[in-house]
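Student: At the far end of the first sequence sits residue 898, using the numbering used here, and the numbering has no gaps.
Beta carbons are placed, not taken as given, at the ideal position from N, Cα and C, and that holds for glycine.
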Amino acid sequence: MSKGVTKQSEDYAKWYTDVVLKGELADYGPVKGTMIIRPYGYAIWESIREAADKMFKETGHVNAYFPMFIPESFMTKEAEHVEGFAPECAVVTHGGGKKLEEPLYVRPTSETIIWSAYKKWINSYRDLPILINQWANVVRWEMRTRLFLRTTEFLWQEGHTAHASAAEAEEETRKMIEVYRKLAEEHLAIPVYVGQKTDAEKFAGAVHTYCIEAMMGDKRALQAGTSHYLGQNFAKAFDVKFLNKNNELEYVYATSWGVSTRLVGGLVMAHGDDKGLILPPKVAPYQVVIIPIYKKEEDRSAILEKLSQIASDLESKNIRVKIDDNTQQSPGWKFNQYEMQGVPVRMEMGPKDLEKGHVVIVRRDTGKKEFLQTDAITNTLVELMPVMQKDLFDRALAFREAHTKTVNNYSEFKEMIDEGNFVKAYWAGDDRHEEEIQKETKATVRVIPFEQPQAKGTCFYTGKPADKIAIFGKSY
RNA sequence: CGGGGCGUAGCGCAGUCCGGUUAGCGCGCCUGCUUUGGGAGCAGGAAGUCGCAGGUUCGAAUCCUGCCGCCCCGACCA
423 MSKGVTKQSE DYAKWYTDVV LKGELADYGP VKGTMIIRPY GYAIWESIRE
473 AADKMFKETG HVNAYFPMFI PESFMTKEAE HVEGFAPECA VVTHGGGKKL
523 EEPLYVRPTS ETIIWSAYKK WINSYRDLPI LINQWANVVR WEMRTRLFLR
573 TTEFLWQEGH TAHASAAEAE EETRKMIEVY RKLAEEHLAI PVYVGQKTDA
623 EKFAGAVHTY CIEAMMGDKR ALQAGTSHYL GQNFAKAFDV KFLNKNNELE
673 YVYATSWGVS TRLVGGLVMA HGDDKGLILP PKVAPYQVVI IPIYKKEEDR
723 SAILEKLSQI ASDLESKNIR VKIDDNTQQS PGWKFNQYEM QGVPVRMEMG
773 PKDLEKGHVV IVRRDTGKKE FLQTDAITNT LVELMPVMQK DLFDRALAFR
823 EAHTKTVNNY SEFKEMIDEG NFVKAYWAGD DRHEEEIQKE TKATVRVIPF
873 EQPQAKGTCF YTGKPADKIA IFGKSY
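1) Helix, strand or coil: how does DSSP classify Pro525 here?
2) Straight-line CA distance for Tyr760 to Val514?
3) Leaving aside the five residues before and after Cys881 along the sequence, list all residues of the same chain whose C-beta is less than 7 Å from its C-beta, in chain order.
4) May I ask you to verify whether the segment 629-649 touches the segment 690-700, counting CB pairs closer than 8 Å and requiring at least 3?
5) Return yes when the Cβ of Tyr632 is within less than 7 Å of the Cβ of Ile599, no when it is not.
6) Can you tell me which of the three DSSP states Pro773 falls into?
7) Under 7 Å Cβ to Cβ from Val705, same chain only, skipping five residues before and after it: list those, please.
8) Let me know the secondary structure DSSP gives Glu580 once reduced to three states.
9) Report the partner residues of Gln768 according to the DSSP bridge assignment.
10) Hey, Gly680 and Gly581 are a contact pair by Cβ (cut 8 Å); roughly how many whole angstroms apart?
11) Ile700 and Pro714: beta carbons closer than 7 Å?
12) Look at the Cβ atom of Thr800, then the Cβ atom of Asp735, and state whether they are nearer than 7 Å.
13) So, do the segment 659-669 and the segment 610-622 have three or more beta carbon pairs nearer to each other than 8 Å?
14) Answer with buried or exposed for Gln763, where buried requires no fewer than 16 other C-beta atoms within 10 angstroms of its C-beta.
15) By how many angstroms is the C-alpha of Arg786 removed from the C-alpha of Leu453?
16) Tell me, which residues are paired with Glu635 by DSSP?
17) Would you give the residue range spanned by the alpha helix (DSSP H) that Tyr438 belongs to?
18) Give, in chain order, every unbroken run of the alpha helix (DSSP H) that is at least 4 residues long and sits entirely within the segment 670-720.
19) Enumerate in chain order the residues of its own chain whose CB-to-CB distance from Gln751 is below 7 Å, with the five nearest sequence positions on each side excluded.
20) Out of Tyr716, Asp853, Pro702, Lys728, point me to the one whose CA is closest to Leu814's CA.
21) List the whole-angstrom C-beta distance separating Ile783 from Val804, where the pair is believed to meet the contact cut-off of C-beta under 8 Å.
22) Which of the three DSSP states, helix, strand or coil, is assigned to Asn758?
23) DSSP has Leu814 in a bridge; who is on the other side?
24) Just to confirm my understanding: we take Met423, look at its own chain, exclude 5 residues before and 5 after, and list those with CB closer than 6 Å. What are they?
25) Opposite Phe793 in the DSSP bridges: which residues?
26) Can you give me the start and stop residues for the alpha helix (DSSP H) that Phe478 sits inside?
27) Please identify the residue among Lys697, Val686, Glu719, Glu720 whose C-alpha is closest to the C-alpha of Pro707.
28) Just verifying my parser: in three-state terms, what is the DSSP assignment at Leu729?
29) Between which two residues does the beta strand (DSSP E) harbouring Thr828 extend?
30) My assumption, with CB atoms under 8 Å, is that Ala628 sits in contact with Ala636. Please give the rounded CB distance.
31) Is Gly455 buried or exposed, if buried means 16 or more other CB atoms sit within 10 Å of its CB?
32) On the three-pair Cβ rule with 8 Å, is the segment 715-724 touching the segment 591-607?
33) Would you tell me roughly how many angstroms separate the C-alpha atoms of Val614 and Met771, rounded to the nearest one?
34) Using the DSSP secondary-structure output, state which residues sit across from Trp849 in a beta bridge.
35) Measuring alpha carbon to alpha carbon, tell me which residue in Lys624, Met638, Asp696 is nearest Thr788.
36) In whole angstroms, what separates the C-alpha of Ser738 from that of Ser730?
Next up, the structure:
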């Protein structure tokens with residue numbers, strides 16, 4: 423196995439795979455498209471999960487769990503939904519050594535099984551809203567898979583809420599896309615465009631879909647989270663009605679929303695460089711890795727004693743620390759390994775440092791080295807963590823802004839897309855126009871941002887008056 | 001499903017065209033000694049149904065036939 427990772431400029435896709443495999447985030451499973459999430463990668467997912475779960479609870483949601491097996495008859499109840507999902511579903515036909523009377527779909531998402539339960543639970547407006555989230559695995563038989571970004575089985579959370587009015591459900595849909603924006607920007611340090619999907623890109627079964635959309639290091643777009651306003655589509659399919667305050671029967675209004683382990687892939691591609699991963703402090707399994715350097719046994723014990731003191735001091739301030747005193751690898755090997763794994767800060771201490779009462783600190787994002795007096799370590803690092811978190815966000819934002827171009831006509835559009843940019847332009851086209859553009863340029867409307875300019879304009883493609891701008895890009 | 005490529009040690013590969021002793025190399029792994037401030041050195045060692053099945057041949061990783069699997073590009077995809 424070669425030492426480093428492929429350079430981004432040489433082959434970005436290879437770079438990504440190298441970082442994920444050699445950084446020990448994940449490995450391939452035995453079945454095509456499946457993924458083993460290794461402890462280091464899983465720790466990153468756990469951090470994302472904890473942050474998200476906290477926000478869900480703060481917004482009034484509770485967790486529950488629904489079965490993985492869905493009767494075939496459920497899947498076929500919502501026409502658009504079945505059309506969208508049936509081709510990519512795994513189906514169980516046998517159980518207990520016998521052919522099943524009704525095939526069971528392995529959930530690709532849980533709207534159907536959850537709404538079949540909501541039918542039992544909802545009678546009156548007094549039963550609403552229901553604000554349930556579940557953490558689960560889902561299966562989609564994808565043709566082309568990539569670790570974290572698109573795998574046959576993946577982990578995610580799916581919120582499924584039921585409401586007594588369209589307005590309330592719409593408010594929930596918006597509230598949750600805002601939760602995702604915060605998760606991406608404040609926790610993962612990934613800047614995102616927030617807005618609405620076009621009809622061509624929306625969820626199968628939704629009235630409309632909101633999303634957060636991020637730019638990766640190769641300037642391609644990654645859909646990082648979605649929140650769907652489902653209207654009464656699933657309530658009608660599963661006949662879920664409630665008595666409103668006027669004693670009238672009405673179909674229930676629904677939302678669903680999710681983020682997945684894809685976010686881990688987004689994290690890799692939003693911040694990584696030629697040395698590997700760069701983790702924002704908030705998601706890093708350990709924020710500081712401490713590497714002792716010594717030759718003689720007496721140096722070793724003195725250095726380790728000092729370092730464990732420093733480590734427990736940092737831990738008392740809630741900084742996650744790992745001391746690597748493994749003697750099998752050289753310090754140089756460790757430097758490279760932890761850089762590949764994106765640990766925010768490295769601390770070194772050798773005999774000379776111990777003598778002088780300082781340590782060496784190296785920031786992963788800038789590579790800058792500095793000496794720190796031992797009594798200043800804790801305060802300095804406590805202050806450094808939020809600074810690094812912000813710097814990473816700012817850097818990603820500056821990169822995205824530098825590669826988002828505004829255009830006024832189709833030839834400019836093609837040129838800018840060809841160079842790999844996001845394109846921002848007035849848009850009044852429909853599904854058909856979008857398809858034409860995709861055929862010619864591979865780019866699609868990633869999102870129609872909520873944030874819009876005051877002025878109206880002219881659609882760059884159809885020439886019609888347009889009151890919205892859209893963000894186009896090539897996507898993962 | 002169409003086009004291209006690849007299956008040889010845990011990983012990455014050479015050897016295949018043109019059949020011929022005991023199938024090599026790098027990394028990793030094991031043992032020992034020396035090392036440790038940017039992927040350590042030396043010595044020794046373990047590890048292979050050459051993707052599977054059949055055929056040709058005195059002899060097959062190598063030639064022939066069939067099959068299986070994987071990767072890349074395209075189609076497809078929240």
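Tutor: So, from the listed chains and residues:
1) Translated into positions along the first sequence, residue 525 becomes position 103. Secondary structure at Pro525: strand, using DSSP grouped into helix, strand and coil.
2) For this step, residue 760 is matched to residue 338 along the first sequence. For this step, residue 514 is matched to residue 92 along the first sequence. Distance between the alpha carbons of Tyr760 and Val514: 43 Å.
3) Here the question's residue 881 lines up with position 459 in the first sequence. Excluding the 5 residues flanking it on each side, Cys881 has same chain C-beta neighbours closer than 7 Å at Tyr848, Trp849, Ala850, Gly851, Ala888, in chain order.
4) Touching, yes.
5) Working through the first sequence from its first residue, we reach residue 599 at position 177. Working through the first sequence from its first residue, we reach residue 632 at position 210. Contact flag set, yes.
6) Your numbering for residue 773 matches position 351 in the first sequence. In this structure, Pro773 counts as helix in the three-state DSSP scheme.
7) As a position in the first sequence, residue 705 is number 283, starting the count at 1. Here the set comprises Ile466, Ser469, Ile470, His609, Leu610, Leu689.
8) By 1-based counting over the first sequence, the position of residue 580 is 158. The three-state secondary structure of Glu580, taken from DSSP, is strand.
9) Taking the first sequence and counting its residues from 1, the one referred to as residue 768 is at position 346. Looking at the sequence shown, residue 768 is not Gln but Arg. DSSP output for Arg768 lists Val711, Val784 as bridge partner(s).
10) Stepping through the first sequence from its first residue, residue 680 is reached at position 258. Stepping through the first sequence from its first residue, residue 581 is reached at position 159. Between Gly581 and Gly680 the Cβ distance is about 7 Å, and since that is below 8 Å, they are a contact.
11) Here residue 700 refers to the residue found at position 278 of the first sequence. Here residue 714 refers to the residue found at position 292 of the first sequence. No Cβ-Cβ contact shorter than 7 Å links Ile700 with Pro714.
12) The residue labelled residue 800 in the question sits at position 378 within the first sequence. The residue labelled residue 735 in the question sits at position 313 within the first sequence. The answer is yes: Cβ separation under 7 Å.
13) With the cut-off at 8 Å, the segment 659-669 and the segment 610-622 do not touch.
14) The residue given as residue 763 occupies position 341 in the first sequence. By the neighbour-count rule (16 or more Cβ atoms within 10 Å), Gln763 is buried.
15) In the first sequence, the residue the question calls residue 453 occupies position 31. In the first sequence, the residue the question calls residue 786 occupies position 364. Residue identity check: residue 453 is Val in the sequence provided, not Leu. Distance between the alpha carbons of Val453 and Arg786 is about 35 Å.
16) Indexing the first sequence from 1 puts residue 635 at position 213. Looking at the DSSP assignment, Glu635 forms a beta bridge with Tyr615, Gln645.
17) Position 16 of the first sequence, counted from the first residue, corresponds to residue 438. Judged by DSSP secondary structure, Tyr438 falls within the alpha helix (DSSP H) whose first and last residues are 434-444.
18) Under the rule that a run must span 4 or more residues, the alpha helix (DSSP H) segments found entirely inside the segment 670-720 read 684-693.
19) As a position in the first sequence, residue 751 is number 329, starting the count at 1. If we look at Gln751 and ignore the five residues flanking it on each side, it has no Cβ neighbours.
20) The residue you call residue 814 lines up with position 392 of the first sequence. For Leu814, the nearest C-alpha among the options comes from Pro702.
21) Residue mapping note: residue 783 aligns to position 361 of the first sequence, counting from 1. Residue mapping note: residue 804 aligns to position 382 of the first sequence, counting from 1. In fact, because the Cβ distance is near 13 Å, the residues do not count as touching under 8 Å.
22) The sequence position of residue 758 within the first sequence is 336, counting from 1. Reduced to three states, the DSSP call for Asn758 is helix.
23) Along the first sequence, one-based indexing puts residue 814 at 392. Looking at the DSSP assignment, Leu814 forms no beta bridge with any residue, so it has no partner.
24) The sequence position of residue 423 within the first sequence is 1, counting from 1. In this predicted model, Met423 has a pLDDT of only 41, less than 50, meaning its place in the structure is not dependable; the value taken from the coordinates is given anyway. Within the same chain, and ignoring the five residues on either side of Met423 in sequence, no residue has its Cβ closer than 6 Å to its Cβ.
25) Looking up residue 793 in the first sequence gives position 371. DSSP output for Phe793 lists Val782 as bridge partner(s).
26) By one-based count along the first sequence, residue 478 stands at place 56. Unbroken alpha helix (DSSP H) run through Phe478: 461-480.
27) Residue numbering aside, residue 707 sits at position 285 when the first sequence is read from its first letter. Among Lys697, Val686, Glu719, Glu720, the Cα nearest to that of Pro707 belongs to Val686.
28) Sequence index remark: in the first sequence, residue 729 carries index 307 (1-based). It is helical.
29) Position 406 of the first sequence, counted from the start, is the residue given in the question as residue 828. Element bounds for Thr828: 826-828.
30) The residue you call residue 628 lines up with position 206 of the first sequence. The residue you call residue 636 lines up with position 214 of the first sequence. With 8 Å as the limit, Ala628 and Ala636 do not qualify as a contact, their Cβ atoms being about 21 Å apart.
31) By one-based count along the first sequence, residue 455 stands at place 33. Buried: at least 16 other Cβ atoms inside 10 Å.
32) No: the two stretches stay apart, fewer than three of their Cβ pairs being nearer than 8 Å.
33) Here the question's residue 614 lines up with position 192 in the first sequence. Here the question's residue 771 lines up with position 349 in the first sequence. Approximately 39 Å, taken between the alpha carbons.
34) On the first sequence, position 427 is the one that residue 849 refers to. When beta bridges are read from the DSSP output, Trp849 appears opposite no residue.
35) Numbered from its first residue, the first sequence carries residue 788 at position 366. Considering only alpha carbons, the answer is Asp696.
36) Against the first sequence, residue 738 aligns to sequence position 316. Against the first sequence, residue 730 aligns to sequence position 308. One C-alpha to the other measures close to 12 Å.
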